[in-house]
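J.: First the structure, then my questions, so here it is.
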DNA sequence: CTGAAAGCGCTTACAG
DNA sequence: CTGAAAGCGCTTACAG
């Protein structure tokens, strides 16, 4: 574990430490012959450049900060994996920090990451308004949003076309014959919640089905949220024939509520989710849902942020909107539903 | 965003940069009066110390490397969250690297983390033999294992008492009257798989129930693994009355297999899992399982590694073994089972 | 209690 | 194509 420096290598190779530095950085201004000599010394000694010294002098840590809602949420864990893999490929490492989607903690994360010296930050879960992220962007610090975006469109982001995904799911229910369609939506101060709600409303409108306010409930993207909301929706006198969950977790909560109330899916009402999470496909669930490219979102976000880090002053914003895919399973039935 | 240095602050406060450094490091050898002057300048200028310079000169990055099986697996994501939170409290940040439990990738992770300059590494998923981790330990590099341990006991680790958890679950089945108990176990080249298998065997032995080799299958800790193994176990002429899943994912696969074969749980056979994952408690699952303190394992691992980093030459190993808890749910029935 | 000197291991200019 | 000089922003000794 003896630590060699660039000077040790230089001495061994009989050159100056500058030449060693050039070899290390693949600078072409080194004679092939010299390069070989140096390379040989490097491998023989098992020399490894000191990352800290390098980061210090170049002012580049090769570190990306990831502000994630909660690393223990599988959806975000999958984005994180996409981020990790691509970062690895591009020579970066990633430091994560869970914000719990809480403004105060988000600020703490940002401060912490800044202190650590990351070259840029990726946010998975901003609110439409998120002062900590907006300040960074205003300061010209490299930032990419993934999954959710800010209200202010002037920034780099990668999202799913949530509007379209939700529109497609709604239309599918309509085509099956459902007219009384409720939605348990994620909070609309989050771009994902808002866009999915908009997609739902637009599909109803396009098919001439009037909106019914009592069929729309906003809640958190969680099974508990779905459970509570479903208990309200399912005891309505004029119960919806179909319920759209803002994501698969919400749908899961709806399933629990149905079981608690003695209702069957899809016999008593149809159900859809969003995200195509692992459990959606399981034999006990069979949830119609919208799949989005979760891993890819993370991967693309890294490409953009590295781009931004390398050529600082981009004067345009990268906006990547990925197309979702409706996955049809048994939870919404396959036939025209009549009442 | 103007970046000040320690010298700018010194000039503003009318002291030497050394005094500023002392204030920054809470060195007591500064007069209260001087300290205040410096503090004032620091806050007024919004000075932030340069982490890279500090890391470079102190040779301490305040970074912990986390080699995790797969960050997108909820079990590991929860460990990671425990690690993150405690690291944050202790002034460290964590860089993760997914190994996919593959020796080659594990080596790549270690190399990458070393290059990044982490002060220590935590491994969540070592095999009983894991050259990359063992080499680090042999070199005196701070390493803590969490969840799984190496065969070589001479290292720091935090695990659940997997033997006991499995023993308890087996005994519970025996007490309910089951005698034909099968196990679909995680691979026994992993300490978790091995210890759970041992607990099962010991419980049978203690209750005078002979082992039946055809009732024991090893597979990966995954739903797919459980599914395939269950299809073998459930078509045995003398089918087991109860199946123990090596973890909840395996149990989930068993449930799918049961459904595919038209069998009901617990009517046709009882089922247990391990980990008390989120879905185990859901109304469609109701899985008897063994809960372990996943988040806490991560948290404790960080305490140990920071301890190790700070006082390098510990000559004893921290070994923390947490007690699991049997959680009884409907999947194994509540009554004496007779055949 | 405070400061002047030296240096951590690299890279960025500048000469040749 | 190669090297000598200077410096990144801190901290670690060493003086006083």
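Chains as they are written, first to last, in my numbering: chain A, 989 to 1327; chain B, 989 to 1327. C-beta atoms are modelled at their ideal positions from N, C-alpha and C, and glycine is treated no differently.
Take residue 1233 of chain B as the anchor and find which of B:1284, B:1211 and B:1225 has the nearest alpha-carbon.
T.: Relative to residue 1233 of chain B, the option among B:1284, B:1211 and B:1225 whose CA is nearest is B:1211.
J.: What are the residues that DSSP puts in a beta bridge with residue 1084 of chain A?
T.: A:1054
J.: Please state the DSSP three-state secondary structure of residue 1322 of chain A.
T.: In the structure shown, residue 1322 of chain A sits in coil (DSSP, three-state: anything other than H, G, I, E or B).
J.: Quick check on the DSSP output: the alpha helix (DSSP H) that includes residue 1206 of chain A runs from which residue to which?
T.: Careful: residue 1206 of chain A lies outside any alpha helix (DSSP H), inside the beta strand (DSSP E) at 1204-1207.
J.: I'd like to know whether the C-beta atoms of residue 1054 of chain B and residue 1076 of chain B end up nearer to each other than 9 angstroms.
T.: no
J.: Residues in its own chain within less than 6 angstroms of residue 1265 of chain B by CB, not counting five upstream and five downstream?
T.: 1236
J.: Using the C-alpha atoms, what's the distance from residue 1020 of chain A back to residue 1035 of chain A?
T.: So the alpha carbons of these two residues sit roughly 20 angstroms apart.
J.: Pick out whichever of B:1029, B:1002 and B:1013 has its Cα sitting closest to the Cα of residue 992 of chain B.
T.: B:1029
J.: Could you tell me whether the Cβ of residue 982 of chain A comes closer than 9 angstroms to any Cβ of chain B?
T.: What is shown of chain A runs 989 to 1327, which leaves residue 982 of chain A out entirely.
J.: Cα separation between residue 1069 of chain B and residue 1060 of chain A?
T.: 6 angstroms
J.: Once the 5 residues before and after residue 1249 of chain A are set aside, which same chain residues still bring their CB inside 6 angstroms of it?
T.: 1222
J.: What's the C-alpha gap between residue 1190 of chain B and residue 1183 of chain B?
T.: 10 angstroms
J.: Give, in chain order, every unbroken run of the beta strand (DSSP E) that is at least 3 residues long and sits entirely within the segment 1106-1138 of chain A.
T.: 1108-1111 and 1131-1134
J.: Under 9 angstroms, Cβ to Cβ, is there at least one residue of chain A near residue 1130 of chain B?
T.: no
J.: Taking contact to mean 3 or more Cβ pairs, one atom from each stretch, closer than 8 angstroms, check whether the segment 1087-1098 of chain B and the segment 1310-1319 of chain B are in contact.
T.: Contact check between the segment 1087-1098 of chain B and the segment 1310-1319 of chain B: fewer than three CB pairs, one atom from each, fall below 8 angstroms, which does not count as touching.
J.: Which first and last residues belong to the alpha helix (DSSP H) in which residue 1288 of chain B is found?
T.: 1282-1298
J.: Just mark residue 1203 of chain A as buried or exposed, buried being the case when its beta carbon has 16 or more other beta carbons within 10 Å.
T.: buried
J.: Less than 8 angstroms between C-beta atoms, sequence neighbours within five positions excluded: which residues of the same chain meet that for residue 1003 of chain B?
T.: 1022, 1025 and 1026
J.: Cα separation between residue 1073 of chain A and residue 1100 of chain B?
T.: 12 angstroms
J.: Check for me: the alpha helix (DSSP H) holding residue 987 of chain A runs from which residue to which?
T.: Since the first residue shown for chain A is 989 and the last is 1327, residue 987 of chain A is missing from the structure and cannot be characterised.
J.: Pairing CB atoms from the segment 1286-1296 of chain A with CB atoms from the segment 1240-1255 of chain A, are three or more of them under 8 angstroms?
T.: no
J.: Along chain B, in chain order, which residues have C-beta atoms closer than 8 angstroms to that of residue 1285 of chain A?
T.: The contacting residues do not exist; residue 1285 of chain A stays about 13 angstroms from chain B at best.
J.: If residue 1128 of chain B and residue 1280 of chain B are in contact, beta carbons under 8 angstroms, what's the gap, nearest whole angstrom?
T.: With a Cβ gap of about 30 angstroms, residue 1128 of chain B and residue 1280 of chain B do not count as contacting.
J.: Going straight from the alpha carbon of residue 1199 of chain A to that of residue 1192 of chain A, what length do you get?
T.: 7 angstroms
J.: For residue 1168 of chain A, does the three-state DSSP call read helix, strand or coil?
T.: Looking at residue 1168 of chain A - three-state DSSP - the assignment turns out to be coil, as it is neither helix nor strand.
J.: Distance check for residue 1169 of chain A and residue 1324 of chain A, CA to CA, integer angstroms please.
T.: Residue placement at residue 1324 of chain A cannot be trusted, given a pLDDT of 49 that sits under 50; what the coordinates show is reported in the next sentence. Spanning the two alpha carbons is a distance of roughly 14 angstroms.
J.: Note down, in chain order, each residue of its chain lying with its Cβ closer than 6 angstroms to the Cβ of residue 1006 of chain B, except the 5 sequence neighbours on either side.
T.: none
J.: Identify, in the order they occur along the chain, each residue of the same chain with its Cβ nearer than 6 angstroms to the Cβ of residue 1089 of chain A, setting aside the five sequence neighbours on each side.
T.: Correct list, in chain order: 1057 and 1113.
J.: Of all the CB atoms in chain A, is at least one closer than 9 angstroms to the CB of residue 1297 of chain B?
T.: Closer than 9 angstroms to the CB of residue 1297 of chain B there is not a single CB belonging to chain A.
J.: Listed in chain order, which residues of the segment 1027-1040 of chain B have Cβ atoms closer than 9 angstroms to some Cβ of chain A?
T.: 1036, 1037, 1038, 1039 and 1040
J.: Check whether the Cβ of residue 1326 of chain A lies closer than 9 angstroms to any Cβ atom in chain B.
T.: Residue confidence is low: residue 1326 of chain A scores 47 on pLDDT, short of 50, so the model does not pin down where it sits. No coordinate-derived value is stated.
J.: Give a yes or no on whether the C-beta atoms belonging to residue 1062 of chain A and residue 1065 of chain B are separated by under 9 angstroms.
T.: yes
J.: Taking the alpha-carbon positions, what's the residue 1147 of chain B to residue 1138 of chain B distance?
T.: 11 angstroms
J.: Using the DSSP secondary-structure output, state which residues sit across from residue 1144 of chain A in a beta bridge.
T.: A:1132
J.: Name the chain A residues that come within less than 8 angstroms of residue 1058 of chain B, Cβ to Cβ?
T.: Residues of chain A with a Cβ closer than 8 angstroms to the Cβ of residue 1058 of chain B are, in chain order, 1069.
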